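Numbering (this note's numbering), first residue to last: 502 to 670. What follows is a set of notes on a single structure, which appears directly below.
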Ligand code: SF4
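See the structure below:
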C-alpha cells in the first residue's frame with residue numbers, strides 16, 4: 502500500500518506497526534517539533550513518498566517546501582539502510598540509523614518502546630556492538646512481528662512492506 506492511499510490516522514497507525522525505528526523516530530520528532538531539519542526531511546519525505554495530501558497539509562509542509570526548494574533535484578529514490586547508516590547527523594538532527602547513531606541508553610529506551618526486551622534486547626545490543634546495524638534491525642523486526650525475515654533488512658521501505666505482509670496474513 503502506498504501512503505497516498507491512506508488517511509492521516511492510518512499513517513499514525515502504520516508508524517506504530519510497520520515503520521522501522523529510523524522512521525518512527527523521525528515521525529515522532531516531526532509531530533513533536535512540527536519541523537525537521539534538512540537531513541530528516543529528506544530521509545522521512547522520500548520514505549513516505551510524500552503521497553498523502555493530508556499528511557502534507559498537517560505534518561509535512563516543510564517536506565513539501567523542501568521539494569520546492571530543490572526543484573532541480575531529480576533523484577527521488579528513498580534512501581537505503583546503507584546510505585542512512587553512513588550519514589552523519591549533527592546536533593539537532595534526527596535522521597540517521599538509531600542502531601548506528603543513538604547512544605546505547607537511548608537505543609535501549611527506543612527499543613523498549615517498540616516492545617523489544619529480555620534476551621532479544623541483549624542480542625540486538627550485541628549486533629550493534631559488532632557494528633552489524635542491519636542485523637540488529639532485522640532482529641528487532643523478527644521480535645516484534647514474531648516472524649522471521651530471512652532476507653534481512655536492507656531498506657526502510659522493504660521493512661515496511663515486509664511488515665505489512667506479515668500483519669495482513
Ligand atoms: Fe532504518 Fe535500516 Fe537502520 Fe533499520 S537498519 S533503522 S531500516 S536505516
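Yeah, the Cβ is synthetic: ideal placement off N, Cα and C, and Gly gets one too. Note that this is a predicted model, so its numbers are computed, not measured.
| Check | Outcome |
| --- | --- |
| Alpha helix (DSSP H) runs wholly inside the segment 603-650, at least 4 long, in chain order | 605-615, 619-630, 634-646 |
| Chain-ordered list of residues that sit, by beta carbon, closer than 5 Å to a heavy atom of ligand 1 | 521, 522, 523, 582, 585, 598, 635, 638, 657, 660 |
| Check whether residue 600 and residue 547 have beta carbons under 8 Å apart | no |
| At least 3 beta-carbon pairs within less than 8 Å: the segment 616-631 vs the segment 537-546 | no |
| Where the alpha helix (DSSP H) containing residue 520 begins and where it ends | Counting along the chain, residue 520 falls outside any alpha helix (DSSP H), and DSSP gives it neither H nor E. |
| Nearest-angstrom beta carbon gap, residue 654 and residue 639 [assumed within contact, 8 Å] | 5 Å |
| Buried versus exposed, by CB contacts within 10 Å (16 or more), residue 505 | For residue 505, the pLDDT reaches just 49, beneath the cut-off of 50, and the residue's location in the model is therefore unreliable, although a value from the coordinates is still provided. The residue is exposed, with fewer than 16 neighbouring Cβ atoms inside 10 Å. |
| Outcome for residue 596 when other beta-carbon atoms lying within 10 angstroms are tallied against a minimum of 16 | buried |
| Sequence-distant residues of the same chain with beta carbon closer than 6 Å to residue 646, five excluded per side | 667 |
| Local conformation of residue 571 per DSSP, three classes | Unreliable positioning characterises residue 571 in this predicted model, as indicated by a pLDDT of 49, which lies under 50. A coordinate reading is not provided. |
| Run of the alpha helix (DSSP H) containing residue 597, from where it starts to where it stops | That residue, residue 597, is in no alpha helix (DSSP H); it is neither H nor E in DSSP. |
| Straight-line Cα distance separating residue 630 from residue 516 | 27 Å |
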